[in-house]
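What follows is a set of notes on a single structure, which appears directly below.
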DNA sequence: CTGTCATTAGTCAGACAG
DNA sequence: ATTACTGTCTGACTAATG
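Numbering (our numbering), first residue to last: 13 to 397.
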């Protein structure tokens, strides 16, 4: 077994926004954001040009999904509320998300990479890990060849990091974005990785980052310099050990080329917060339609589920979930609706509701075998004696 | 008969990510 | 005054089982 692995992380540059620029090339060089509702579809005008919505015209709920680098320069980033971003960049162009197109380009770029290096792990729509260990080509030329293949297949640029493991490659691909190609070895960890903020590590989010900062730990280097026993004491055995290892650039996770889904869900945020009593019909209609959509998704993908769950986000942004596990797997929307109805009875309904969601877990693929949580033991044919 | 321990399933919340 | 949607994982707790 080869001890030095070569793992690439490839990240498409401003993916959704870049796909939109393929369709609307006249927007190149402008601040463009993707997000919001589909009412902001561009309108073809009499003279053949298109009219685009501006951020300042936006009213209502929604967040930015992606922004071009020109928009980021104005302080507008993904996840930001649209109303807030409208204040920062009122003249930015607003486009609705077009997931069909993104899925299409996603397939194109992944196929292009797989044609060169077949060991590819899917990480959502715009990212992959690639295990290059079996390829003998020199690293930089191989990575450049992959970038070129992605551009030829899609017209889109990407950034690649190549290092001995997933942890470092994920960080590396971000270092020279956009259109980057960064190659690191373990020897580069002290100079290139340690100066970075701890939250650059995949898995250290806002909460963990803040807790670390409270102990005076801001960078990955400061994390590496922290005694392992201290991290274990503060974060628990599992997380403490993990933090210590990743701070030293150690990560043995394999590139996983196939996986089965564990759950399938649908959720929706309402235009305005709904109250169970005043808005009963509307709420009930949304509830049913979510259940039917989950049932649809299940059947289309060839699964049934044993666990049904609901999720409610209240007006104050607090969230509750409830779920129920059935003795037999189901996939029919109406049956899902019944089980979800049981969950709904167990939830407080005084406050107004902002979001409603339905989830199907404990998936059983219709060929018959259970996916999640091991397997069901030999079933009990007996009753209580 | 009772208490305890280990293990597993189920439930719920929370963190994180793309 | 704002903060999407889909999905995974983990920790804490309870109940059941042996």
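Heads up, the beta-carbon is just placed ideally off N, CA and C, and yes, glycines get one too.
These numbers were taken from a predicted model, which means no experiment stands behind them.
Buried or exposed, going by whether 16 or more other CB atoms sit within 10 Å of the CB of residue i?
i: residue 218; result: exposed
i: residue 292; result: exposed
i: residue 56; result: exposed
i: residue 28; result: buried
i: residue 194; result: buried
i: residue 185; result: buried
i: residue 16; result: exposed
i: residue 391; result: Because residue 391 carries a pLDDT of 33, less than 50, the predicted location of this residue cannot be relied on, and the following value inherits that uncertainty. So residue 391 counts as exposed.
i: residue 47; result: buried
i: residue 111; result: exposed
i: residue 85; result: exposed
i: residue 388; result: Low confidence applies to residue 388: its pLDDT is 38, below 50, so where it sits in the model is not reliable, and the reading given next is rough at best. It counts as exposed.
i: residue 395; result: In this predicted model, residue 395 has a pLDDT of only 28, less than 50, meaning its place in the structure is not dependable; the value taken from the coordinates is given anyway. Classification for residue 395: exposed.
i: residue 82; result: buried
i: residue 79; result: buried
i: residue 307; result: buried
i: residue 362; result: exposed
i: residue 31; result: buried
i: residue 271; result: exposed
i: residue 316; result: buried
In terms of residues, what are the limits of the alpha helix (DSSP H) holding residue i?
i: residue 232; result: 232-236
i: residue 252; result: 249-259
i: residue 175; result: Taken as a continuous stretch (DSSP letters only), residue 175 belongs to no alpha helix (DSSP H), being part of the beta strand (DSSP E) at 170-175.
i: residue 164; result: 151-166
i: residue 224; result: 218-226
i: residue 32; result: 27-35
Pull up the DSSP beta-bridge partners for residue i, would you.
i: residue 317; result: 342 and 375
i: residue 368; result: 280 and 324
i: residue 140; result: 22 and 134
i: residue 209; result: 231
i: residue 195; result: 174
i: residue 10; result: Because the chain in this structure spans residues 13 to 397, residue 10 falls outside the shown range and cannot be described.
i: residue 286; result: 365
i: residue 44; result: 105
Starting from residue i, follow the beta strand (DSSP E) in both directions and report where the run begins and ends.
i: residue 95; result: From DSSP, residue 95 is part of no beta strand (DSSP E) but of the alpha helix (DSSP H) over 94-100.
Tell me the start and end of each unbroken beta strand (DSSP E) in the stretch 46-124 that is at least 3 residues and wholly inside, in chain order. 76-79 and 105-107
If contact is defined by three or more beta carbon pairs under 8 Å, each pair taking one atom from either stretch, is the stretch 309-326 in contact with the stretch 340-356? yes
Contact between the stretch 99-110 and the stretch 233-242: three or more CB pairs below 8 Å? no
Whether or not the stretch 89-98 and the stretch 120-139 are in contact is what I'm after, with contact meaning three or more pairs of Cβ atoms, one per stretch, closer than 8 Å; do they touch? no
Below 8 Å, how does it come out for the stretch 337-350 and the stretch 358-378: are there three or more Cβ pairs, yes or no? yes
Per the contact definition of three or more C-beta pairs closer than 8 Å, is the stretch 197-207 in contact with the stretch 24-41? no
Should the stretch 148-161 be regarded as contacting the stretch 170-178, the criterion being three or more beta carbon pairs within less than 8 Å? yes
Taking three-plus beta-carbon pairs below 8 Å as touching, is the stretch 203-214 in contact with the stretch 283-301? no
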